[in-house]
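Report on one structure; see the data block that follows.
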Amino acid sequence: MRFGIVRFPGSNCDADCHRAVEEGLGEDAFYLWHRDRDLGGADAILLPGGFAYGDYLRAGAIARFSPIMKAVESFARAGGPVLGICNGFQILCEAGLLPGALARNAALRFLSHDVHLSVERTDTAFTGAYRRGQVLRMPLSHGEGRFVADATTLDRLEEEGRVVFRYVDAEGNATPEANPNGSLRAIAGVCNEARNVVGLMPHPDRAYAAILGSNDGLGVFRSALAATAAAAS
Amino acid sequence: MSPGTATAGPAMGPELAADHGLSRDEWNRILEILGREPTFAELGVFSAMWSEHCSYKSSKPLLRTLPTEGEAVVQGPGENAGVVDVGGGWGLAFKIESHNHPSAVEPYQGAATGSGGILRDVFTMGARPVALFDSLRFGALDSPRSRYLLDGVVRGVGDYGNCVGIPTVGGETVFDPVYERNPLVNVMCLGLVRLDRLTRAGTGAPGNVVLTVGSRTGRDGIHGAAFASEELGEETADSRPQVQVGDPFTEKLLLEATLELIERDLVVGVQDMGAAGLTSSATEMAERAGAGIEIDTARVPVRETGMTPYEILLSESQERMLVVTEPGGEDAVREVLEKWELGSAVIGKVTDDGLFRVRHDGEVVAEIPLTPLVGEPPMVTYEAREDEAVGRLRGRDLTDAAELGSDQEARDALLALLDAPSVASKRWIWEQYDTTVGTNTVVRPGSDAAILRLAGTPRGIAASVDGNGRYVHLSPRRGAAIAVAEAARNVACSGARPLAVTNCLNFGSPRKPAVYHQLREAVAGIGEACRALGTPVTGGNVSLYNETPAGPIHPTPVIGMVGVLDDVTARVPSAFQAPGDEVVLVGTSREELGGSEYLRTVHGLVAGEPPALDLEEAAALVAFLVEAAGRGLLRSAHDVSDGGLAVALTECAILAEGGPVGVETELAGDGVSAAALLFGESQSRAALSCAPGDLEPLLELAGRRGVAAARAGRVGPRGGPIRIAAAGRTAAVDAPEAASVYDRALPRRMEHEAGLTT
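Note that the protein sequences, when read in sequence, are chains A and B. The numbering of the first sequence is the working numbering, which starts it at 5 and goes up by one. The numbering of the second sequence is the working numbering, which starts it at 2 and goes up by one.
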């Protein structure tokens with residue numbers, strides 16, 4: 005399987021995604037440039053973390069207009085698996101491929117530490133390899149990661165089972181202390197209606213090997229492998 | 002100062018030179034070199050290149066005494082960064098740099114641009130930066146000014162590294178009123194380079210083409226190098242125009258473009274336009290190659306019209322680099338730069354006449370021989386004389402402070418130390434830094450040394466930054482040697498073999514005999530310790546004139562030590578791992594409370610003789626720790642420093658993975674007081690733990706290595722009591738309570754600062 009990793013000039017987790025796929029999963033990864041107009045035959049697309057175009061305006065606000073994003077949008081609308089991590093999630097929200105937005109952390113500071121997430125749904129392109137309710141540990145690192153949306157949208161996301169990850173404590177409880185950035189309803193990740201586009205703020209790409217402190221994130225990439233194989237058969 | 006037109010300026014003479022920070026002797030030397038009066042632009046060039054910041058004129062004669070060679074050293078001092086061989090074909094490029102004066106004036110931008118500069122020093126060598134470390138000093142946190150500076154500096158270091166995508170994985174932060182108006186912001190960068198791709202900052206042969214790359218040149222930071230070479234006065238807030246503004250996004254583009262240029266073999270040499278901007282990069286690159294260089298300032302892309310050659314030569318606008326390529330290579334270079342959306346311009350060429358020739362629209366505005374300008378700047382030696390008051394501080398009787406009247410006093414002292422911001426958890430700081438980007442971080446901040454894996458090999462890289470201004474203030478030579486020994490100990494506690502050192506010398510004005518004495522003695526101490534530990538100095542930075550009207554800072558040499566682990570899985574954590582493990586203390590505790598954090602925090606005293614340092618003992622401890630780690634005998638190892646054994650053992654207990662654990666220990670020391678046993682800072686000691694079955698072989702190894710070691714107790718249960726007994730007194734506290742004091746010390750003092758800056 006081939007994962008295409010979209011590089012914007014200010015992407016800085018592109019290499020992390022590459023290593024997670026090649027070293028962690030043992031599949032192929034290759035880079036796509038933000039000016040490219042096609043996806044080079046990728047089976048799945050990863051939008052990595054970073055500061056795509058510097059993000060001095062608003063995270064992801066400019067990246068959505070890049071040439072590659074047109075190709076990513078068509079790929080997503082055709083059912084192709086697309087994962088946005090951190091800045092990648094922000095870009096997917098700005099591009100309208102995912103609902104909601106990511107606002108500044110409630111504490112108004114950049115935050116970088118490990119968090120626990122519960123897997124709320126296993127019926128997406130990137131969570132099939134997990135158990136429902138499974139608690140994952142992985143790093144988070146962002147200044148603008150507070151998931152926000154209006155109450156109607158939030159209710160709809162809950163009803164449609166589109167909240168994919170939630171911030172919880174080590175035992176799986178969604179306590180206020182476990183929510184690092186003030187995300188509404190402790191939402192850490194969501195998916196689109198068709199469940200092939202997923203975005204999350206924490207970094208599965210930095211949790212693919214025990215030596216990094218956790219390999220809980222590897223399941224995200226493994227899930228895509230299974231989903232693609234299933235779609236092909 | 003208004004530079005006037007391209008060729009004319011204010012009336013030339015020794016007075017104008019003095020306004021540029023040049024002495025009468027230096028003015029005469031300029032006349033001698035040129036055989037005429039300098040032009041205004043030339044005066045600016047001399048002023049910048051002969052500033053302390055660029056020429057190291059008062060420190061270089063001292064720095065020359067440092068050991069710089071060793072088996073692992075690939076590149077010593079004199080380049081953008083030092084490089085050591087870490088195996089597997091990899092070189093580790095590393096260097097530390099200060100940005101103290103800019104941070105005192107504008108903490109966010111000062112710290113951010115400091116990070117930017119040191120990153121460029123590393124990637125211009127062809128090395129991909131993989132980690133940042135910061136060594137910070139602020140005033141006491143009860144001062145609003147100190148809180149404002151801490152908040153801004155942390156945001157500045159954090160935002161810059163976070164945006165470029167380089168993790169900040171370690172550091173140290175110390176608070177003392179002497180730094181209130183003159184904080185120290187030192188940043189160390191580590192980068193990895195394939196040794197066959199290592200690039201040096203020379204111009205190569207005559208005929209080569211010179212380009213500026215990156216941001217346009219503006220009027221910001223003009224004469225920043227000279228600014229950094231002055232004391233901070235009451236009017237320094239007016240110096241804000243000398244502080245540059247950072248753009249980490251452009252930095253990221255420069256980083257990627259530079260590495261691509263080097264990887265594709267398209268450039269001869271690259272140098273950051275750092276202090277003294279275009280002037281220093283052009284002249285230093287040409288001088289290293291023994292060539293000459295000619296540039297035309299009218300061809301430099303500028304931000305505003307009407308900039309004079311003087312301004313263009315001396316601007317310190319950020320995120321700019323000077324790149325040299327072979328003739329005909331310009332198009333290929335430009336293609337890479339355009340991919341990364343970076344501007345560039347050909348501004349000149351390498352010549353064979355040994356001159357720095359500057360034209361503006363063709364007209365020559367400066368022509369200076371490079372050797373006397375760059376290679377032979379005037380050196381200065383000042384009078385050195387120790388301040389008598391310091392001698393009296395050292396001789397002070399500490400008998401009263403050594404009295405611990407009761408167990409309650411022992412407990413209160415321990416809790417006071419855990420709550421002291423210099424000792425307490427720095428989590429509040431490093432949680433604002435991205436510590437994991439790059440997926441190399443194996444041990445994050447909060448341990449003795451940070452560890453990165455070396456991809457494609459079984460190896461690991463360890464590093465630590467350390468300094469202790471109090472010790473150096475009381476005894477410069479010993480204090481500086483202790484900084485080296487402590488850094489080596491931190492690296493060895495993690496299981497890594499210390500390899501080499503970069504240093505950042507933060508001192509006051511060398512024109513004061515007491516300060517020059519501190520500088521001279523401290524450099525001697527660093528040299529002695531580096532020789533004894535086999536860790537040569539590969540470069541560094543000198544920051545002088547750290548003074549305000551209130552007086553100089555504590556002299557603060559900061560040591561950045563790097564080391565290597567042959568097997569990264571053999572790394573040793575700082576904290577206890579399992580209840581029931583044996584606690585082993587190595588080293589000898591003496592009656593040494595002088596200069597300790599205990600004296601400062603509990604008794605408000607900075608006095609006494611700092612602890613003695615036996616360099617053979619220090620080297621033996623390092624060798625023992627590395628061997629014990631390699632043989633898998635250690636569950637944990639933690640350096641004993643600020644706060645002594647009581648703080649070290651408490652940290653081991655409360656930082657245990659999964660939550661605080663208890664510990665029961667009895668400290669031994671013949672005739673040593675309870676206070677000195679608990680809180681003294683005797684050197685070359687470490688607190689270890691091992692599985693019960695490994696106790697015998699561990700003690701046997703210590704004996705064979707000539708290191709004093711003894712079992713001192715056992716790791717207790719989760720949430721259990723911490724009880725540290727010594728000479729009839731016991732410091733006892735519940736682990737969760739100790740953890741809460743230690744964790745809350747910084748956040749509770751900083752909770753109202755959010756949102757003050759940016």
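Ideal Cβ positions, reconstructed from N, Cα and C, are used throughout, including at glycine. From a predicted model like this one, the values you see are computed outputs, not experimental measurements.
Buried or exposed by the 16-neighbour rule on C-beta atoms within 10 Å, applied to residue i
i: B/H753; result: exposed
i: B/R572; result: buried
i: B/G496; result: buried
i: B/G509; result: buried
i: B/L747; result: buried
i: B/S52; result: buried
i: B/M380; result: exposed
i: B/T326; result: buried
i: A/T128; result: buried
i: A/P85; result: buried
i: A/T131; result: buried
i: A/S78; result: exposed
i: B/D26; result: exposed
i: B/G363; result: exposed
i: B/T400; result: exposed
i: B/L419; result: buried
i: B/Q409; result: exposed
Residues near residue i by beta carbon distance below 8 Å, same chain, minus five either side
i: B/R241; result: The pLDDT assigned to B/R241 is 48, lower than 50, so where the model puts this residue is not dependable, and the model offers no usable value.
i: A/M142; result: D118, V119, L121, P206, H207, P208, R210, A211, S218, D220 and G221
C-beta atoms of residue i and residue j nearer than 9 Å
i: B/H639; j: B/A624; result: no
i: B/L371; j: B/I313; result: no
i: B/G111; j: B/G157; result: yes
i: B/E682; j: B/L594; result: yes
i: A/R135; j: A/V119; result: no
i: A/D20; j: B/G406; result: no
i: A/L258; j: A/F93; result: Here chain A covers residues 5 to 237 and nothing more, so residue 258 of chain A does not appear.
i: B/L67; j: B/C505; result: no
i: B/V46; j: B/T213; result: no
i: B/E252; j: B/V165; result: yes
i: B/A435; j: B/P249; result: Note that residue 435 of chain B is Asp in the sequence shown here, rather than Ala. No, they are not a contact pair.
i: B/A402; j: B/T602; result: no
i: A/V25; j: A/D32; result: yes
Beta bridge counterpart(s) of residue i as assigned by DSSP
i: B/N187; result: B/S99 and B/S136
i: A/V4; result: Examination of residue 4 of chain A is not possible in this model, given that chain A is present from 5 through 237 alone.
i: B/E364; result: B/H361
i: A/C17; result: The partner list for A/C17 (beta bridge, DSSP) is empty, contrary to what the question assumes.
i: B/A640; result: Here the sequence assigns Asp to residue 640 of chain B, which means Ala is not the residue at that position. According to DSSP, which records beta bridges pairwise, B/D640 is partnered with B/A687.
i: B/Q76; result: B/V84
i: B/W91; result: B/G88 and B/R195
i: A/W37; result: A/R11
i: B/H518; result: According to DSSP, which records beta bridges pairwise, B/H518 is partnered with nothing at all.
Whole-Å CB distance - residue i paired with residue j, under 8 Å assumed
i: B/R217; j: B/R304; result: 5 Å
i: B/Q684; j: B/A613; result: 7 Å
i: B/M322; j: B/L255; result: 6 Å
i: B/H361; j: B/T280; result: About 14 Å separates the two Cβ atoms, so there is no contact after all.
Cβ neighbours of residue i in the same chain (closer than 6 Å, five flanking residues each side left out)
i: B/G127; result: V194, R198, L199, T200 and I263
i: A/F12; result: H38, A56 and A67
i: B/R478; result: E522, A525 and G526
i: A/S145; result: S116
i: B/D135; result: V158, G172 and V188
Contacting residues, own chain, Cβ-Cβ under 7 Å from residue i (five flanking each side not counted)
i: A/P103; result: A153, T157, L161 and V194
i: B/R289; result: A202 and G203
i: B/Y517; result: Y383, E384, A385 and P511
i: B/Y57; result: L64 and V543
Residue i: CB within 8 Å of a non-hydrogen atom of the ligand GDP
i: B/S99; result: Of the ligands one can find in the structure shown there are none, so the ligand GDP has no counterpart to examine.
According to a CB-to-CB cut-off of less than 9 Å, which residues of the region 453–474 of chain B neighbour chain C? This model lacks chain C altogether; the protein chains it does include are A and B.
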